[in-house]
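Numbering (UniProt numbering), first residue to last: 1 to 486.
Each residue gets a CB set at the ideal place from its N, CA and C atoms; glycine is no exception.
Since we're looking at a predicted model, the values are computed, not measured.
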Amino acid sequence: MRLSKLFKNAPTVNITGLCLDSRKVKKGDMYFCLPGMTFDGHDFIPQAIEKGAIAIVHSKDIIDKLPGVIYIQVEDVTACMNQCARLFYSKPSDKMTMYGITGTNGKSSCANIIKYIRDLKEPCGYIGTIAIEYGKVRIAPDLTTPDTLFLQRKLSDMVRAGMKSCALEVSSHGLSQHRVDGIRFDVAIFTNLTYDHLDFHGTIENYFEAKSILFKELVKEDGVSILNIDDDRYEDLKECSKARVVSYGIDQNCDYRAINIHENAKSTSFDLVYKGQKYPVKTSLVARYNVYNLLACIAALHETGMSLPVILQSCTKIPQIDGRMEQIECGQPFHVVVDFAHTPDGMEQMLRYGRQVAADKGRVITVFGSAGKRDIAKRKVFGELADKYADLIILTEDDPRDENPKDIANQIKEGIQNKPNLFVEDRYEAIRQAIDNASKGDVVLILGKGDEPFMYHESGRVPWTGDNICALECLKASGYGENNNS
Ligand SMILES: CC(=O)N[C@H]1[C@@H](OP(=O)(O)OP(=O)(O)OC[C@H]2O[C@@H](n3ccc(=O)[nH]c3=O)[C@H](O)[C@@H]2O)O[C@H](CO)[C@@H](O)[C@@H]1O[C@H](C)C(=O)N[C@@H](C)C(=O)N[C@H](CCC(=O)O)C(=O)O
Ligand SMILES: Nc1ncnc2c1ncn2[C@@H]1O[C@H](COP(=O)(O)OP(=O)(O)OP(=O)(O)O)[C@@H](O)[C@H]1O
């Protein structure tokens, strides 16, 4: 693209790419010097030029300018980069129906439900923690909400691949760091706000402020904000939303309400009340929190033109979302569930669910840890929750980074008063012991990592079997077989 299309009065040169990381610069790129939490992008200008950058966008004064390189000084490099990326990639988000989902828990679940149902009508892409997915493409992501440049590039790939819509998980980090500023959302969904990420945001108010950007600034004025009426932050978000507000929930009257909820181990049914009419809904999803997720998605899809009967019919067969409430079946006489729960709210929901589906005398056996170099205050809370609901607690590693997993386990143990517990550092072995310990009617809950095929250790990101595959292997090693229904 001609530089003059991005900046008035710029020289007539062609920019072949945009880059924010000097290590990844390619010949002909424009490099943006971003202020970071660890580094300052300005310090890597020489490296960027050496690797082939022909234009540098910076905010600080530069003394030793090199001939042949174009220097563009702006006040706010991040804002400028967002604008350039939007133009460079031809405003891809304007060519699709954009669903943005934010909240402490439920983003991946909602985005995957929307993708599944929307895909039945026309192609829908997905960007989030689990994958970047469109058509036959499936890429493992580094972040839930990628950086602006990568994000705009992927959205433009989606448009080229024929996607008509995209479900995008919008994390609070992504919002704070303006990764999605170049996107105008047709639909902004709020799932819930509970305790998380305070290591980054400092206070729950800052965390909420970050989430609210999606509703205050990024949803289109003629778009729609879909809000959970049962969450304490409903009124605040309603107040600040730029778009019209549609509500969903269970406890109070609202636009899309679920009543008469029946939860089973493998399915859920309820009546959807919409505009005074009742619609029976049956879904393959389980646990009450998924009723909330489903309501948010039904509202989002209906408000963007899909008919209610078509949406509701598809709810019966929503496929298993990888690593989210994933039931591992190998003919064993007890439940094994792998779930990505890694916040106090997510843990409590899962442990409660475990208690509910365990047979009368069945035990809840749980395996989990807590991530290293992340929020340490939640560790004791995890212990307290397990103490309240579980019968046997096996503590193990979970992305320890450069912390000692045993120290983390000891901090979790501070919350455990009454229940038997043990520490098994190796996660595979911990899952094996949980499964070996289980008997008829028990529930084994393996929490924290879901389907993630990696683990963060001191040495960096290393491959991990994945809790779901590990659990299946352990069941088979214990003599269960997929066709054995004993
Ligand atoms: C805390 C955080 O979000 N950090 C993000 C931030 O990094 P940073 O501010 O530390 O950047 P930095 O390393 O100081 O570098 C500043 C600038 O210099 C550049 N640089 C740096 C070094 C170099 O040699 N050359 C160079 O050009 C960098 O590319 C960057 O542009 O900007 C980087 C570039 O976009 C991100 O990769 C990085 O995400 C890190 C890897 C991360 O782990 N983020 C997590 C916490 C995160 O964002 N998580 C959320 C959701 C979590 C959840 O809901 O569970 C997510 O959306 O994934
Ligand atoms: N609506 C909800 N309310 C409370 N807990 C939920 C909800 N939806 C999912 N959970 C719990 O949170 C876990 C993570 O779900 P999901 O991956 O959908 O959330 P997320 O917001 O994408 O999380 P992350 O951004 O950390 O990936 C689930 O495995 C489940 O335990």
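Residues near residue i by beta carbon distance below 6 Å, same chain, minus five either side
i: A430; result: V367, I394, T396 and V424
i: A265; result: V357
i: S165; result: M96, T97, R118 and C124
i: R401; result: G372, K373 and Y456
i: E384; result: G415
i: G135; result: A161
For residue j and residue i, the rounded distance between their alpha carbons
i: A48; j: S4; result: 21 Å
i: G441; j: V291; result: 25 Å
i: I446; j: A210; result: 30 Å
i: G331; j: Y248; result: 38 Å
i: D94; j: L475; result: 48 Å
i: I321; j: F32; result: 37 Å
i: S478; j: K380; result: 32 Å
i: K216; j: D251; result: 26 Å
i: G128; j: E239; result: 27 Å
i: M158; j: D436; result: 45 Å
i: T343; j: Y234; result: 20 Å
i: A377; j: Q411; result: 9 Å
i: Q73; j: K91; result: 24 Å
i: N404; j: L193; result: 30 Å
i: Y279; j: S314; result: 13 Å
i: C297; j: T102; result: 13 Å
i: E452; j: P463; result: 9 Å
i: G219; j: P67; result: Before going on, a small fix: residue 219 reads as Val here, not Gly. Approximately 43 Å between the Cα atoms of the pair.
Neighbourhood of residue i by C-beta distance below 8 Å, restricted to the same chain and skipping five residues each side
i: I15; result: M1, R2, L3, L6, G28, D29, M30, I54, A55 and F88
i: K361; result: G441
i: R461; result: F454 and M455
Where residue i sits in the DSSP three-state scheme
i: P344; result: helix
i: residue 487; result: Residue 487 cannot be examined here, being either before or after the span of the chain that is shown, 1 to 486.
i: I226; result: strand
i: S108; result: helix
i: F39; result: coil
i: I408; result: helix
i: E429; result: helix
i: N9; result: coil
i: P92; result: helix
i: R363; result: coil
i: M306; result: coil
i: D119; result: helix
i: A55; result: strand
i: T16; result: coil
i: R324; result: coil
i: K317; result: helix
i: R2; result: strand
Where the beta strand (DSSP E) containing residue i begins and where it ends
i: R257; result: Y256 to E263
i: I101; result: T97 to T102
i: V142; result: Correcting the residue type first, residue 142 is Asp in the shown sequence and not Val. That residue, D142, is in no beta strand (DSSP E); it is neither H nor E in DSSP.
i: residue 488; result: Nothing about residue 488 can be reported from this structure: the residues present for the chain run from 1 to 486 only.
i: S247; result: R244 to G249
i: L392; result: L392 to L395
i: V336; result: H335 to D339
i: A188; result: F185 to F190
i: E403; result: It is not in any beta strand (DSSP E) - E403 carries neither H nor E in the DSSP assignment.
i: R461; result: G460 to P463
i: V443; result: V443 to L447
i: A358; result: That residue, A358, is in no beta strand (DSSP E); it is neither H nor E in DSSP.
i: D398; result: Looking at the DSSP string, D398 is not in any beta strand (DSSP E), and its letter there is neither H nor E.
i: S165; result: S165 to E169
i: I132; result: I132 to Y134
Residues of its chain near residue i, where Cβ-Cβ distance is below 7 Å and the 5 sequence neighbours each way are ignored
i: T78; result: L34 and H178
i: R355; result: V364 and Y389
i: H302; result: L308 and I311
i: V338; result: G323, E326, I328, I446, G450, D467, N468 and A471
i: S267; result: K282, T283, S284 and V286
i: Y353; result: A287
i: A300; result: Y99, I114, V187, I189 and I226
i: A131; result: R138, I139, A140 and P141
Span of the alpha helix (DSSP H) around residue i
i: G174; result: S172 to S176
i: Q417; result: Neither: Q417 is in no alpha helix (DSSP H) and is coded neither H nor E.
i: E239; result: Y234 to C240
i: S212; result: I204 to I213
i: Y126; result: Element bounds for Y126: not the alpha helix (DSSP H) but the beta strand (DSSP E), C124 to I127.
i: residue 491; result: The chain is shown only over 1 to 486; residue 491 falls outside these bounds and no answer can be derived.
i: G383; result: A377 to Y389
i: D157; result: T148 to R160
i: I49; result: I45 to E50
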